[in-house]
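There are 2 protein chains.
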Amino acid sequence: MSVKAKALYTFQSENKEEISIQENEELIIFDENSVDGWFQGENSRGERGLFPASYVEVIRTRSNSNVTDCSISPAGSLGNDSYFLPSTTNTTLNTQPTYYDIDDDDDWDDWDDRSTVVEDADIERSPGANGHSHQNPPSNNPNVHYRAKPPMERQDSISSGRKGSMVGRNLNRFSSFVRSGVEAFVLGDVPMMAKIAESYTIEMSPQGPRWKESPQPFSCSIEDPTKQTKFKGIKTYISYRVTPSHTGRPVYRRYKHFDWLYNRLLHKFTVISVPHLPEKQATGRFEEDFIEKRKRRLILWMNHMTSHPVFSQYEGFEHFLMCADDKQWKLGKRRAEKDEMVGAHFMLTLQIPNEHQDLQDVEERVDTFKNFAKKMDDSVMQLTHVASELVRKHLGGFRKEFQRLGNSFQSISQSFMLDPPHSSEALNNAISHTGRTYENIGELFAEQPKYDLFHMLDTLSLYQGLLANFPDIIHLQKGAFAKVKESQRMTDEGKMDQDEADGIRKRCRTVGFALQAEMNHFHRQREVDFKDMMQAYLREQIAFYQRVVQQLERTLRMYECL
Amino acid sequence: MSVKAKALYTFQSENKEEISIQENEELIIFDENSVDGWFQGENSRGERGLFPASYVEVIRTRSNSNVTDCSISPAGSLGNDSYFLPSTTNTTLNTQPTYYDIDDDDDWDDWDDRSTVVEDADIERSPGANGHSHQNPPSNNPNVHYRAKPPMERQDSISSGRKGSMVGRNLNRFSSFVRSGVEAFVLGDVPMMAKIAESYTIEMSPQGPRWKESPQPFSCSIEDPTKQTKFKGIKTYISYRVTPSHTGRPVYRRYKHFDWLYNRLLHKFTVISVPHLPEKQATGRFEEDFIEKRKRRLILWMNHMTSHPVFSQYEGFEHFLMCADDKQWKLGKRRAEKDEMVGAHFMLTLQIPNEHQDLQDVEERVDTFKNFAKKMDDSVMQLTHVASELVRKHLGGFRKEFQRLGNSFQSISQSFMLDPPHSSEALNNAISHTGRTYENIGELFAEQPKYDLFHMLDTLSLYQGLLANFPDIIHLQKGAFAKVKESQRMTDEGKMDQDEADGIRKRCRTVGFALQAEMNHFHRQREVDFKDMMQAYLREQIAFYQRVVQQLERTLRMYECL
Numbered sequence: 002m003s004v005k006a007k008a009l010y011t012f013q014s015e016n017k018e019e020i021s022i023q024e025n026e027e028l029i030i031f032d033e034n035s036v037d038g039w040f041q042g043e044n045s046r047g048e049r050g051l052f053p054a055s056y057v058e059v060i061r062t063r064s065n066s067n068v069t070d071c072s073i074s075p076a077g078s079l080g081n082d083s084y085f086l087p088s089t090t091n092t093t094l095n096t097q098p099t100y101y102d103i104d105d106d107d108d109w110d111d112w113d114d115r116s117t118v119v120e121d122a123d124i125e126r127s128p129g130a131n132g133h134s135h136q137n138p139p140s141n142n143p144n145v146h147y148r149a150k151p152p153m154e155r156q157d158s159i160s161s162g163r164k165g166s167m168v169g170r171n172l173n174r175f176s177s178f179v180r181s182g183v184e185a186f187v188l189g190d191v192p193m194m195a196k197i198a199e200s201y202t203i204e205m206s207p208q209g210p211r212w213k214e215s216p217q218p219f220s221c222s223i224e225d226p227t228k229q230t231k232f233k234g235i236k237t238y239i240s241y242r243v244t245p246s247h248t249g250r251p252v253y254r255r256y257k258h259f260d261w262l263y264n265r266l267l268h269k270f271t272v273i274s275v276p277h278l279p280e281k282q283a284t285g286r287f288e289e290d291f292i293e294k295r296k297r298r299l300i301l302w303m304n305h306m307t308s309h310p311v312f313s314q315y316e317g318f319e320h321f322l323m324c325a326d327d328k329q330w331k332l333g334k335r336r337a338e339k340d341e342m343v344g345a346h347f348m349l350t351l352q353i354p355n356e357h358q359d360l361q362d363v364e365e366r367v368d369t370f371k372n373f374a375k376k377m378d379d380s381v382m383q384l385t386h387v388a389s390e391l392v393r394k395h396l397g398g399f400r401k402e403f404q405r406l407g408n409s410f411q412s413i414s415q416s417f418m419l420d421p422p423h424s425s426e427a428l429n430n431a432i433s434h435t436g437r438t439y440e441n442i443g444e445l446f447a448e449q450p451k452y453d454l455f456h457m458l459d460t461l462s463l464y465q466g467l468l469a470n471f472p473d474i475i476h477l478q479k480g481a482f483a484k485v486k487e488s489q490r491m492t493d494e495g496k497m498d499q500d501e502a503d504g505i506r507k508r509c510r511t512v513g514f515a516l517q518a519e520m521n522h523f524h525r526q527r528e529v530d531f532k533d534m535m536q537a538y539l540r541e542q543i544a545f546y547q548r549v550v551q552q553l554e555r556t557l558r559m560y561e562c563l
Numbered sequence: 002m003s004v005k006a007k008a009l010y011t012f013q014s015e016n017k018e019e020i021s022i023q024e025n026e027e028l029i030i031f032d033e034n035s036v037d038g039w040f041q042g043e044n045s046r047g048e049r050g051l052f053p054a055s056y057v058e059v060i061r062t063r064s065n066s067n068v069t070d071c072s073i074s075p076a077g078s079l080g081n082d083s084y085f086l087p088s089t090t091n092t093t094l095n096t097q098p099t100y101y102d103i104d105d106d107d108d109w110d111d112w113d114d115r116s117t118v119v120e121d122a123d124i125e126r127s128p129g130a131n132g133h134s135h136q137n138p139p140s141n142n143p144n145v146h147y148r149a150k151p152p153m154e155r156q157d158s159i160s161s162g163r164k165g166s167m168v169g170r171n172l173n174r175f176s177s178f179v180r181s182g183v184e185a186f187v188l189g190d191v192p193m194m195a196k197i198a199e200s201y202t203i204e205m206s207p208q209g210p211r212w213k214e215s216p217q218p219f220s221c222s223i224e225d226p227t228k229q230t231k232f233k234g235i236k237t238y239i240s241y242r243v244t245p246s247h248t249g250r251p252v253y254r255r256y257k258h259f260d261w262l263y264n265r266l267l268h269k270f271t272v273i274s275v276p277h278l279p280e281k282q283a284t285g286r287f288e289e290d291f292i293e294k295r296k297r298r299l300i301l302w303m304n305h306m307t308s309h310p311v312f313s314q315y316e317g318f319e320h321f322l323m324c325a326d327d328k329q330w331k332l333g334k335r336r337a338e339k340d341e342m343v344g345a346h347f348m349l350t351l352q353i354p355n356e357h358q359d360l361q362d363v364e365e366r367v368d369t370f371k372n373f374a375k376k377m378d379d380s381v382m383q384l385t386h387v388a389s390e391l392v393r394k395h396l397g398g399f400r401k402e403f404q405r406l407g408n409s410f411q412s413i414s415q416s417f418m419l420d421p422p423h424s425s426e427a428l429n430n431a432i433s434h435t436g437r438t439y440e441n442i443g444e445l446f447a448e449q450p451k452y453d454l455f456h457m458l459d460t461l462s463l464y465q466g467l468l469a470n471f472p473d474i475i476h477l478q479k480g481a482f483a484k485v486k487e488s489q490r491m492t493d494e495g496k497m498d499q500d501e502a503d504g505i506r507k508r509c510r511t512v513g514f515a516l517q518a519e520m521n522h523f524h525r526q527r528e529v530d531f532k533d534m535m536q537a538y539l540r541e542q543i544a545f546y547q548r549v550v551q552q553l554e555r556t557l558r559m560y561e562c563l
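As you go down the protein sequences, you meet chains H and G in turn. Using my numbering, the letters of the first sequence correspond one by one to residues 2 to 563. Using my numbering, the letters of the second sequence correspond one by one to residues 2 to 563.
Below you can see the structure in the form of structure tokens.
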């Protein structure tokens, strides 16, 4: 069904499938359902092709046209705290509760590549957009990719039923506090549902609030990436064997399935840091190294998912891990997409402890975490940069130096052979062998990143993603806390009922507990992951230098029997 | 005694002690005895100071002025065989048999530094001079220095008594064949002395002719370089303790003593490759690293001297190794300088075997060696270049990479400390320790060249010097062989007595035996030295990587008890 739209920003096409659009230009969209963030349509010059959904506003003639009103001006008051600039400004204006049409498997392959381009383009081009503002990754490091969050449906539409709240609303429509629905939740604009099927419990621990462990913890392997083809080889994709430990039954998933799950997680879970998926890659999707890297990073992503008490119990995740039947898959997918307990409503599913926590204490605890997260983000960035550079050195400089040394020894040995009566074959062989040994050592250096640095970079990449989420998440708690103070002041001035203020305070406590539980979980996981990362690195380093020693010892022996 | 002189080439002063001179400018020289290749004098503009002796021609009014005639035109017929371009064209025109005044100990310190500059300048500036023409050292390698041979007195003055030989003389005055006096020797122009005190025997071995071993083989240690001062600290020099094994009595020698000995060796020994002394250094003469490097290289030089059957039995060398008395030193020095059995006359001291050797076979053997030496020179150059570059990498790139990795780990650990209730001190300590370990590994890399690459470069430098001598030495044999063929032709044509031709052939055999003995010695020594060099390198490399492994293993243990 074609609809009209208006371009909010100018977009310059970069591929032949894309068309350029000018700010304020009238457009026709052929299908209202964007695919991976792209609309197909026609511009005012009659050119047909793709343009980013986030760059346009759909012009609606139906009753709920008010929704578009509040969603245009990105040049609002973004400058509150540069560390808390929202990382998601590429909100699609596809704001109806229509879900992306992702059943069309066959089209997806085509889109898979392009979406990376879109994401990068969004970060670079969208006015006011700044994927992750407090520190940009060094441009010479191809492994560092900040991934902007995919579009999220606007949660404030939920609150349309109650407009009378006396506490002021945040006018910054780009604030994560607003977008996530947490503002609406805190203000009591999210009605309690009649029956809530799911619930996530937060309990107290010596380290403060934490997510209650899943009663059925499990892990999940990802193995055997296999190239599959469709339509007589025209379409190619990689399928992974995904085996949850508690069923032992493998299911086969493609990256697009992970991506679907990831978008569900973003959509549903507020105040929880959703681990980023390994980046997409525009070219060379099927190159061996890329497939290997994606597999490793999907494994880490999956470990994070299964170890998280909330994610691991999510129905959509269960569906992803267990459903092996095509028809059932579509049904379960649609069910997950129609889940109403998302965003603001998700907050209703949280069971918090009765313990009193002074809000000021929570505030301080969060500030400490914020400083920690900022510094950890910086140092993870630094280590990523150094490790990437070290990979480059291993493959280039180190290898080259040792190979040149090896060549030179060979050359010495060759020269010694030129005066046969005076030439000791044993010595010449030993020197020539030394040459080969150093050539091998050069190769060992070049191979080594596969055994150590790559794994370090994988973990660091996961943590870069997790850390990138925290500014927004902390912002939620800040917003909620501000509402409490505002309501307190209004009550003091007699402008608000104590009941209403108590409600706001109570809901703010929920936000605080959830954030603390998430902080706690992050720390516990960080400790496990970094211990593993460092141990694995050191073990591989030791094995590496021992291999070098062994090669040299074998070589030295050749001289001893001369 | 002041004398007049004329500048042959333009020289631009580079230090305040030096003065500039223009080509053809008239000069006054204050002391005819140049010191380390420099004259002190005055130019036509009245400036007083130093200029290189090899840049000027002393204007003599005495009877032997003819000597200067044949020594100027360096642009002669040099192009016979590019591999055999003479390596010594910076002949001083100080051609009288006056010996350098090197008794003046106190002045020497001042000159020591500058003489390197002169040598470099000679190679770069002298028209037609080309220190070592068949391959120039890579310019980015400061460790490779081709050292031009110091000036050698012209030997052809010896032959002034007999001018009537029928076989043509080589008109190329820069040919080593002529300069060394071997032409004169072969042509029978060197009269047999009444009594010859010394003799060096060549004997046959399965690998062909070789120098007969010294009946009293010995070695010699060089230790304990010590800074000494004179004149209340105004003059400073380094003294080495030199202890020959057969006396066990140490003598103390300075670099200038080594340099004196080296010049005696060059002067005396024809057809023998005199090992170059470690290079002089223009600045930082007393820096610890330089002293250490010079000591290491003097030790190698000394090992080569003591292991050589001819050098080790030379009276001047014995004097150098044993004389501990100042007065005796001067006497012995003068005696060595007045030694008449030098150059062409040295050839008279050789005792050769009676075995018949076909001259054609000798020629082929020499050609094989020539090819070998050329290739070995190339590969030694290549390895020197690679090893020097590796030193640079160890001190720079490798150290930096590991230190940056160490820093990044430290930084991670520091960030983990920022949220104390959630912070595991044991993990933070382990990561921080890992950081220090990699900083240490960086230092290990930077230190390592001292234990391995420096020693390799020392050996390579010695061999560069030895190999650089061979083109000239081989040229002697080629020249002698050409004389034999010429005399044969003349005898056939009835233009020469058979007796005279037989004499030339006999003396050519002596040259051939001497060269083969020297080739043989070179090969035997090469085998020992390169085996040692490679073994030492591998042993130190193994020890190095083992140290790295140990450091990493200790560090890994910190994680295992977490």
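Ideal Cβ positions, reconstructed from N, Cα and C, are used throughout, including at glycine.
Residue i - partner residues in DSSP beta bridges
i         : result
Cys509(H) : Beta-bridge pairing links Cys509(H) to no other residue.
Cys221(H) : Pro245(H)
Glu43(G)  : Ile29(G), Arg49(G)
Trp212(G) : Ile203(G)
Ser240(G) : Thr227(G)
Residues near residue i by beta carbon distance below 6 Å, same chain, minus five either side
i         : result
Tyr263(G) : Leu278
Met1(G)   : No answer is possible for residue 1(G): it lies beyond the span of chain G, which begins at 2 and ends at 563.
Gln208(H) : Asn521
Same chain only: Cβ atoms within 8 Å of residue i, ignoring 5 sequence neighbours per side
i         : result
Glu519(G) : Trp212, Val272, Ile273, Ser274, Ile474
Val512(G) : Val183, Phe186, Val187, Val272, Met348, Leu477, Gln478, Ala481
is_contact[residue i, chain G] using C-beta, thresh 7 Å
i         : result
Phe373(H) : yes
His434(H) : no
Between the CA atoms of residue j and residue i - distance to the nearest angstrom
i         : j         : result
Met205(H) : Ser425(G) : 19 Å
Phe373(G) : Pro472(G) : 12 Å
His346(G) : Gly189(G) : 11 Å
Phe219(G) : Ser308(G) : 8 Å
Ser409(H) : Lys376(G) : 12 Å
Lys228(G) : Arg255(G) : 10 Å
Leu428(H) : Cys562(H) : 10 Å
Gly397(G) : Ala447(G) : 7 Å
Ser222(G) : Gln352(G) : 31 Å
Within-7 Å CB hit, residue i to chain H
i         : result
Gln136(G) : Unreliable positioning characterises Gln136(G) in this predicted model, as indicated by a pLDDT of 38, which lies under 50. The coordinate reading is nonetheless provided below. Judged by the 7 Å Cβ criterion, Gln136(G) is not in contact with chain H.
Glu519(G) : no
His524(G) : yes
Leu516(G) : no
Met377(G) : yes
Worksheet item: If you measure beta-carbon to beta-carbon, which residues of the region 446 to 473 of chain H are closer than 7 Å to chain G?
Response: none
Fill in: Contact set between the region 389 to 416 of chain G and chain H, restricted to residues whose Cβ is under 9 Å from the partner
Glu390, Leu391, Lys394, Gly398, Phe399, Glu402, Phe403, Arg405, Leu406, Asn408, Ser409, Phe410, Gln411, Ser412, Ile413, Ser414, Gln415, Ser416
Practice prompt. Identify each residue in the region 539 to 553 of chain G for which the Cβ-Cβ distance to at least one residue of chain H is less than 8 Å, and report them in chain order.
Written response: Leu539, Arg540, Gln542, Ile543, Tyr546, Gln547, Val549, Val550, Leu553
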